[in-house]
Amino acid sequence: MPNIWTHILFVDQLCEELERKDLLETSSAPLHMGAQGPDPFFYHNFLPFLPDKEVAEIGMLLHTEKCGPLLIDMIERGKSEKNLLQAFILGFVSHHILDRHTHPYIHYHAGYEENKHQELEVLLDTVMLARERNLETWKNPVHKKIKIGKQIRPISSFMHSLLSDHYPETTTNHKKKVIQESFSHIQAAQRVLYDPWKWKNRWFGTLVSSFSHQPIREKKDFLNESHMEWYHPATKEKRTESFLDLYEQAKNEGTTLFQYIFEYWETGSPEVWDHIKKIIGNISYDTGEPLEKRMVNQYSHPIV
Numbered sequence: 001m002p003n004i005w006t007h008i009l010f011v012d013q014l015c016e017e018l019e020r021k022d023l024l025e026t027s028s029a030p031l032h033m034g035a036q037g038p039d040p041f042f043y044h045n046f047l048p049f050l051p052d053k054e055v056a057e058i059g060m061l062l063h064t065e066k067c068g069p070l071l072i073d074m075i076e077r078g079k080s081e082k083n084l085l086q087a088f089i090l091g092f093v094s095h096h097i098l099d100r101h102t103h104p105y106i107h108y109h110a111g112y113e114e115n116k117h118q119e120l121e122v123l124l125d126t127v128m129l130a131r132e133r134n135l136e137t138w139k140n141p142v143h144k145k146i147k148i149g150k151q152i153r154p155i156s157s158f159m160h161s162l163l164s165d166h167y168p169e170t171t172t173n174h175k176k177k178v179i180q181e182s183f184s185h186i187q188a189a190q191r192v193l194y195d196p197w198k199w200k201n202r203w204f205g206t207l208v209s210s211f212s213h214q215p216i217r218e219k220k221d222f223l224n225e226s227h228m229e230w231y232h233p234a235t236k237e238k239r240t241e242s243f244l245d246l247y248e249q250a251k252n253e254g255t256t257l258f259q260y261i262f263e264y265w266e267t268g269s270p271e272v273w274d275h276i277k278k279i280i281g282n283i284s285y286d287t288g289e290p291l292e293k294r295m296v297n298q299y300s301h302p303i304v
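Position 85 of the sequence shown, counting from 1, maps to 85 under the UniProt record's numbering, and the rest follow consecutively.
Below you can see the structure in the form of structure tokens.
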């Protein structure tokens, strides 16, 4: 998955493209939290001295199983929800679209050792935000972008209902409160990882460095703007796209999908609903391939 800043950038650009800046003005926090998709579950009890309650398994399930049905149900429910939950849903959908287009690139170029995946994503955050917004990630506290306050309760209840229907084992194995805790913990984690003066990186080393936004000293082509060959990590198909190419493909698909969602929520048109279901499909966040193919990422050539 791209990291927190790139997902925020992506959903913001979709809203700007469709002239829906009202969402950014009135509902930016739930929109941006939604744009983290299933990732908050990976932050549950993120501090190393806290007990691991295996909540991350929820995040993995959402990335790799029943992806389409959950998203389609979310969008359907959104038709009768208020603005804050609609914004959260749009953000969540945007996370899926960006992941399925860019995740293969990240898996191939990060590999599968320790925290290398997160390390590359954090680097891409810094490169993308500098390029698109002239923003220095390490000087801007991203936790403020996902500060949902009291909105955490309706969002958590909404997610609990969806998980109960689509992944009942998760709500059997975990108490309802872990959902709200996960949304709280991703905010807390980003506060901890914010390190503009670098003292946390110096004192805590790899516990922080792979996850903390910092200036990039290496001169590497992290975006593959030179269009060097790489391979899909699951299919081994030869590719030459840059990260920017894949990001643009995701943006085009996301813009079309958002248009249909806005129209469906307004009109309830069965024809528009069919378009939505066709675009969503049932595709893995992780491989970008239909889940029926049961593909697994395994190939890589790390650049970090």
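We treat Cβ as the ideally placed atom computed from N, Cα and C, and that holds for glycine.
An exposed status is given to Q298, since fewer than 16 other beta-carbon atoms sit within 10 Å of its beta-carbon.
Looking at the DSSP output, I283 shares a beta bridge with P290. For L124, the CB contacts under 8 Å within the same chain, skipping 5 residues up- and downstream, are P2, N3, T6, I106, F222, L223 and F243 in chain order. Here E289 is actually not in contact with T240; their C-beta atoms are around 19 Å apart, not less than 8 Å.
Taking a cut-off of 8 Å for Cβ pairs, the segment 149-167 and the segment 247-262 do not touch, as fewer than three such pairs fall below it.
Take the alpha-carbon of I58 and the one of W138: they are about 29 Å apart. The shortest CA-to-CA distance from G281 to any of C67, W230 and P104 is the one to C67. Counting the other Cβ atoms within 10 Å of the Cβ of P40 gives 16 or more, which makes it buried. Excluding five sequence positions before and after W273, the CB atoms of its chain that fall closer than 7 Å to its own CB belong to Y264, given in chain order. In the DSSP assignment, L244 falls within the alpha helix (DSSP H) that extends over F243 to T267. Three or more beta-carbon pairs drawn from the segment 17-32 and the segment 86-94 are found closer than 8 Å, and the two stretches are therefore classed as touching. CA-CA distance, S27 to T256, rounds to 21 Å.
Short of 7 Å from the beta carbon of K238, and not among the five residues preceding or following it, lie these beta carbons of its own chain, in chain order: E229 and Y231.
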